[in-house]
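Going by the UniProt record's numbering, the residue at position 197 of the sequence shown is 197; the numbering climbs one at a time, nothing skipped.
Where a beta carbon is used, it is the ideal one built from N, C-alpha and C, also for glycine.
A quick note: this is a predicted structure, and the numbers were derived from the prediction, not measured.
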Amino acid sequence: MRELRNILAEQCVAHSPTPYSAKALYMQAIKICPEGAYNYTYLQATERMRQIRKSIFPPTPRNLLHLHQLLQINENRHFTLTFQAQPNLFYQGPLMVNGMLVGLVFCNTSFIQDIAVELQNITVAGCDGTFKTVPKTIDNDCYQLFTFQIVYKNVSYPLVYALLNGKSEAIYTALFARIKDMIPLQYQNLMIITDYEIGQIKAIQYVFREITHQGCYFHYCQAILRYARNKSIGVYNLVKINPVAARVFRMILALPYLPSERIGRVPSVVDGVNAIIVFIVQYEDVALAYHRFIYEYIIPFWIHSITPKRFTVYNRDIRTNNYLESYHAVLLKIIRPHPKIWEFIDQLRYLENTCEVEFKQASNNLKASFIVDIYYNWTLDVQYFSVQNFRSPYQII
Numbered sequence: 001m002r003e004l005r006n007i008l009a010e011q012c013v014a015h016s017p018t019p020y021s022a023k024a025l026y027m028q029a030i031k032i033c034p035e036g037a038y039n040y041t042y043l044q045a046t047e048r049m050r051q052i053r054k055s056i057f058p059p060t061p062r063n064l065l066h067l068h069q070l071l072q073i074n075e076n077r078h079f080t081l082t083f084q085a086q087p088n089l090f091y092q093g094p095l096m097v098n099g100m101l102v103g104l105v106f107c108n109t110s111f112i113q114d115i116a117v118e119l120q121n122i123t124v125a126g127c128d129g130t131f132k133t134v135p136k137t138i139d140n141d142c143y144q145l146f147t148f149q150i151v152y153k154n155v156s157y158p159l160v161y162a163l164l165n166g167k168s169e170a171i172y173t174a175l176f177a178r179i180k181d182m183i184p185l186q187y188q189n190l191m192i193i194t195d196y197e198i199g200q201i202k203a204i205q206y207v208f209r210e211i212t213h214q215g216c217y218f219h220y221c222q223a224i225l226r227y228a229r230n231k232s233i234g235v236y237n238l239v240k241i242n243p244v245a246a247r248v249f250r251m252i253l254a255l256p257y258l259p260s261e262r263i264g265r266v267p268s269v270v271d272g273v274n275a276i277i278v279f280i281v282q283y284e285d286v287a288l289a290y291h292r293f294i295y296e297y298i299i300p301f302w303i304h305s306i307t308p309k310r311f312t313v314y315n316r317d318i319r320t321n322n323y324l325e326s327y328h329a330v331l332l333k334i335i336r337p338h339p340k341i342w343e344f345i346d347q348l349r350y351l352e353n354t355c356e357v358e359f360k361q362a363s364n365n366l367k368a369s370f371i372v373d374i375y376y377n378w379t380l381d382v383q384y385f386s387v388q389n390f391r392s393p394y395q396i397i
């Protein structure tokens with residue numbers, strides 16, 4: 001029994017890329033020491049492991065400010081370092097807006113310096129937030145885990161992680177300024193792909209004035225579909241039963257394949273909208289159904305607010321940032337929803353270590369398997385929205 005207790009005591013506080021599970025540890029241990037389990041129950045083991053973990057791990061922080069304070073304590077310093085043989089600083093300190101702490105930033109800046117030459121050739125980056133894997137604080141002020149990723153040899157690699165308590169323009173502006181200071185990219189040659197969150201777009205425009213900003217085609221389609229499903233609009237049900245309405249819907253989904261401005265005989269996005277209007281007036285029932293959809297949503301939001309320049313994917317090799325969404329799906333497999341915060345930081349350190357290893361593999365022309373291949377995900381996006389036949393701008397008219 002003593003051997004079993006010792007195994008459990010050691011394993012329950014070991015660093016692991018997978019979520020802590022007392023049941024799994026107990027099942028593994030009794031396989032090694034079956035005789036010891038005859039007089040040592042799972043309930044006894046669970047309580048002892050809980051007490052051991054409580055004595056080893058820092059307390060659950062009240063909020064992000066308290067977490068920052070705990071990370072400054074010397075006995076917790078290992079949580080701020082990477083897992084490399086020669087540990088580097090991973091926690092880069094708080095993110096401040098008007099004297100208030102709004103987030104915590106994690107980035108292996110030593111690794112960034114090591115790959116500075118490769119970073120000069122990066123032309124595509126993306127950023128996005130996820131909400132399911134944010135850790136728990138007592139005050140529940142962790143709003144999102146935000147990542148900034150680069151595309152290197154057709155594979156995306158996260159370089160910066162940030163725990164944020166909101167999604168305001170001011171928060172994004174402060175974060176992007178930190179990212180720009182830490183990541184030495186040729187920003188005048190860079191395209192950043194994002195979703196259509198207004199605060200994020202404005203912050204990108206303010207901080208990265210020299211970059212090209214592109215909206216994600218997948219998020220465009222997702223937004224169009226979500227709006228169409230609004231029962232008060234009345235478009236979605238008609239699309240399911242009326243082939244003309246379905247064709248118009250596909251034409252709207254295909255608008256980003258047009259250039260933002262007319263190029264010779266190639267029509268622009270606005271030309272595409274006008275062509276849709278000319279087409280639907282021939283069908284009274286379809287025109288009535290699409291009137292609000294076009295004049296209260298497509299034109300004011302996409303044409304005037306977002307503008308075609310930001311959502312066109314004309315002649316773009318990479319049209320979505322769904323490698324970020326796929327990465328978030330990978331996170332969910334490794335980090336359970338809303339984990340304990342110290343477990344979360346350990347898992348983030350494992351992810352950073354994997355990213356560094358696989359980036360170096362890619363630089364040696366080896367194919368990485370863990371990080372997401374962007375072209376594979378683009379193919380999935382096209383199949384999902386069934387717009388394969390609308391790649392040419394001439395096909396929607």
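Residue interval of the beta strand (DSSP E) (run including residue i)
i, result
"Val124", "Val124 to Thr130"
"Phe106", "Met100 to Phe106"
"Gln72", "Segment: none, Gln72 is in no beta strand (DSSP E) and carries neither H nor E."
"Gln92", "Tyr91 to Val97"
Cα-Cα separation between residue i and residue j, rounded to whole angstroms
i, j, result
"Val270", "Leu238", "24 Å"
"Gln113", "Pro94", "21 Å"
"Pro19", "Gln69", "24 Å"
"Ser16", "Leu64", "23 Å"
"Pro259", "Arg319", "13 Å"
"Tyr290", "Phe218", "22 Å"
"Arg5", "Ala45", "7 Å"
"Ile115", "Leu159", "11 Å"
"Arg262", "Ala254", "16 Å"
"Thr293", "Asn242", "The sequence shown places Phe at residue 293, rather than the Thr named in the question. Taking the straight line from one Cα to the other gives about 16 Å."
"Gln92", "Leu145", "15 Å"
"Gly231", "Arg247", "According to the sequence shown, residue 231 is Lys rather than Gly. Each residue's alpha carbon lies about 20 Å from the other."
"Arg209", "Trp302", "21 Å"
"Arg336", "Glu343", "10 Å"
"residue 399", "Val235", "Residue 399 cannot be examined here, being either before or after the span of the chain that is shown, 1 to 397."
"Ala177", "Lys202", "13 Å"
"Arg2", "Leu366", "46 Å"
"Ala37", "Gln51", "19 Å"
"Gln395", "Asp285", "Below a pLDDT of 50, predicted positions are generally treated as unreliable, and Gln395, at 34, falls in that range; no measurement from the model is reported."
"Ile204", "Arg310", "12 Å"
"His328", "Ile345", "16 Å"
"Val207", "Phe106", "20 Å"
Span of the alpha helix (DSSP H) around residue i
i, result
"Gly272", "Val269 to Ile280"
"Tyr314", "It is not in any alpha helix (DSSP H) - Tyr314 carries neither H nor E in the DSSP assignment."
"Phe359", "Ile341 to Ser363"
"Ala245", "Pro243 to Leu253"
"Ala29", "Ala22 to Ile32"
"Gln261", "The amino acid at residue 261 is misidentified as Gln; the sequence shows Glu. Run containing Glu261: none; DSSP gives neither H nor E here."
"Ser326", "Asn322 to Ile334"
"Ser110", "Thr109 to Asp114"
"Ala85", "Taken as a continuous stretch (DSSP letters only), Ala85 belongs to no alpha helix (DSSP H), as it is neither H nor E."
"Ile7", "Arg2 to Gln11"
Cutoff 8 Å: residue i Cβ touching any chain C Cβ
i, result
"Glu10", "In the structure shown, chain C does not exist; there is a single protein chain."
Sequence-distant residues of its chain with Cβ nearer than 7 Å to residue i (five each side left out)
i, result
"Gly199", "Lys167, Ser168, Glu169 and Tyr172"
"Tyr375", "Residue placement at Tyr375 is poorly supported in this model, since its pLDDT is 45, which falls under 50; the coordinates still yield a value, given next. Cβ neighbours of Tyr375 beyond the five flanking positions: Asn154."
"Gln186", "Gln120"
"residue 398", "Coverage of the chain is limited to positions 1 through 397, which leaves residue 398 absent and any answer about it impossible."
"Tyr157", "Gln149, Ile150, Cys355, Phe359 and Ile371"
"Ala223", "Tyr196"
"Ile179", "Phe148 and Val160"
"Ile32", "Ile7"
Own chain partners of residue i with C-beta closer than 8 Å, once the 5 adjacent residues on each side are dropped
i, result
"Asp141", "Asn63, Leu64 and Asn165"
"Met49", "Leu8, Ala9, Cys12, Ala22 and Leu25"
"Gly264", "none"
"Thr212", "Leu190, Met191 and Ile192"
"Asn98", "Ala170"
Whole-number beta carbon distance between residue j and residue i, since they are thought to touch under 8 Å
i, j, result
"Tyr350", "Phe131", "Contact flag wrong, Cβ pair sits at about 21 Å."
"Thr60", "Ile252", "With a Cβ gap of about 47 Å, Thr60 and Ile252 do not count as contacting."
"Phe79", "Glu356", "The pair is not a contact, with the Cβ atoms about 18 Å apart (cut-off 8 Å)."
"Tyr152", "Ile183", "Rounded, the Cβ-Cβ distance is 12 Å, inconsistent with contact."
"Leu163", "Val134", "7 Å"
"Glu352", "Asn108", "6 Å"
Contacts around residue i, its chain only, beta-carbon distance under 6 Å, and the 5 residues preceding and following it disregarded
i, result
"Ile193", "Gly126, Gln214, Cys216 and Asn321"
"Val281", "Ala287"
"Pro308", "Ser260 and Val269"
"Val124", "Val151, Met191 and Ile318"
"Asn39", "Met1"
Ranges of the alpha helix (DSSP H) found wholly within the UniProt domain "MULE transposase" (126-222), counting only runs of at least 4
169-182 and 198-207
Run through the region 36-70 for me and flag every whole beta strand (DSSP E) of 3 or more residues, listed as ranges in chain order.
none
Residue ranges of each alpha helix (DSSP H) run of no fewer than 4 residues wholly in the region 277-307, ordered along the chain?
Runs found: 284-293.
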